[in-house]
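Asks: Read in order, the letters of the sequence shown are residues 285 to 643 in the working numbering. To start, I am sharing the structure in question, which I have written as structure tokens.
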Amino acid sequence: MHANKVASLFICGPCERHEDPVSRMLTVYENLPDGLLQRDATRLHEILPGPCLIHLKGKRQPALFISLLLHGNEVTGWQAMQTILSKYQQGELPRSVYLFIGNVAAAQQGLRHLDGQPDYNRIWKGEGDGPEAVMVRQVLEIMAEQRPFAGLDLHNNTGRNPHYACINRLEPDFMYLASLFSRTVVYFIRPDSVFSMAFSKFCPSVTLECGRPGEPHGVAHAVEFIDACLHLTEFPQHHMAPHDIDLFHTVAIVKLPSHLSVGLEGTVADICLPNELDQLNFCELAPGTVLASVNNETVGSGFLATDEHGQDISERYFEVDQGHIRTRMAVMPSMLTMDTRIIKQDCLCYLMERLETPR
Ligand SMILES: [Zn+2]
């Protein structure tokens, strides 16, 4: 089949901007480009000039929107999609698909994002004049017209976490979609610039955390979930039974204060993380749990925790006591990572509380 590249879309600005390659960021295809399926994430750039939207026709409408590689090193989504598309290559997809492949340039380097690029899962408010903001507005405009069946955004994380789905609205269709992936469901409203938040205005949407990149069972799980979504005909209107779902609410994001350095145990840094810290993900931590040691008198409460409204609530959760950062109350972390680059670029972890299932 010949790939039919429809257009490099770009929003008209001053004419000279048409010569600027970054203002032509999004490419839209009406077929799967030849050779794409055979390439792993680090080689997609050989075919795709950058972020792209690929429309694939299937039996049912409206289309399922699938986003992957918003973070270039999180390859499970693409690996799952390679399996799904190979399976249906000779036949017809059960439902039409819009496939959005995000940060192709960072995927080439195996990085979350390149220096100088924004984080591709923090751009979905589409604010500003940057090329990514322009691209996001183009995608959202197309989707506002198409009204997708559902929106899936596939990710990995760097620490040890169970597979789980995140939602931004506590409605029956969102919770049902999430529960098809995992009984562990996390509800959050900050950060509010993520893909699933933007898509929650059109359709049920989820962010899927498929474990660490490269784990075969993460790929298998994502394949099974995507296939289930392709075969789904409608969403239930009723809330699920409370025993069918473990629902958590993200109450804070935990970052490293920008003036401090972080390292692993045995390195020289202001804050040192113990080995195996990421084993604490999705564990309820008792007050007094040690999260790090400190080598700097001026670290304050150590980590910087902010709530959903951007308020600094560090002192509610953390204190420094005899050279250690300890928790002050019972909390449950998620996405704790020991990757110091990710900690500096994004965050150390999120803090969660258990939430009653709505009825
Ligand atoms: Zn991610």
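All residues carry an ideal CB built from backbone N, CA and C; glycine is no exception. These figures come from a predicted structure and were not determined experimentally.
Excluding the 5 residues preceding and the 5 following V306 in the sequence, name in chain order all residues of the same chain whose CB lies nearer than 7 Å to its CB.
Replies: Its pLDDT being 46, under 50, V306 is placed unreliably by the model, and the measurement read from it follows with that caveat. Same-chain partners within the cutoff: P415.
Asks: What separation, rounded to the nearest whole angstrom, lies between the Cα atoms of E429 and V312?
Replies: 15 Å
Asks: Let me know the alpha helix (DSSP H) ranges lying completely inside the region 482 to 563, each 4 residues or longer, listed in chain order.
Replies: 500 to 515
Asks: Return yes when at least one heavy atom of ligand 1 lies under 8 Å from the C-beta of R396, else no.
Replies: yes
Asks: Considering only heavy atoms of ligand 1, does any lie closer than 8 Å to the CB of E358?
Replies: yes
Asks: Is the beta carbon of L575 sitting closer than 9 Å to the one on R610?
Replies: yes
Asks: Thinking C-beta only, is D554 closer than 9 Å to V538?
Replies: Pairing V538 with D554 gives a Cβ-Cβ distance that is not under 9 Å.
Asks: Do you know how far the Cα of V470 is from the Cα of P617?
Replies: 11 Å
Asks: With H, G and I counted as helix, E and B as strand and the rest as coil, what does DSSP make of Q345?
Replies: Note: Q345 maps to strand in three-state DSSP.
Asks: Please report the distance separating the alpha-carbon of V503 from that of I473.
Replies: 27 Å
Asks: In this structure, what does DSSP give as the bridge partners for C633?
Replies: V538
Asks: Would you call N559 buried or exposed, if buried means 16 or more other Cβ atoms sit within 10 Å of its Cβ?
Replies: exposed
Asks: Are the CB atoms of V359 and A325 within a distance shorter than 9 Å?
Replies: yes
Asks: Taking contact to mean at least 3 C-beta pairs separated by less than 8 Å, is the region 595 to 604 in contact with the region 562 to 570?
Replies: no
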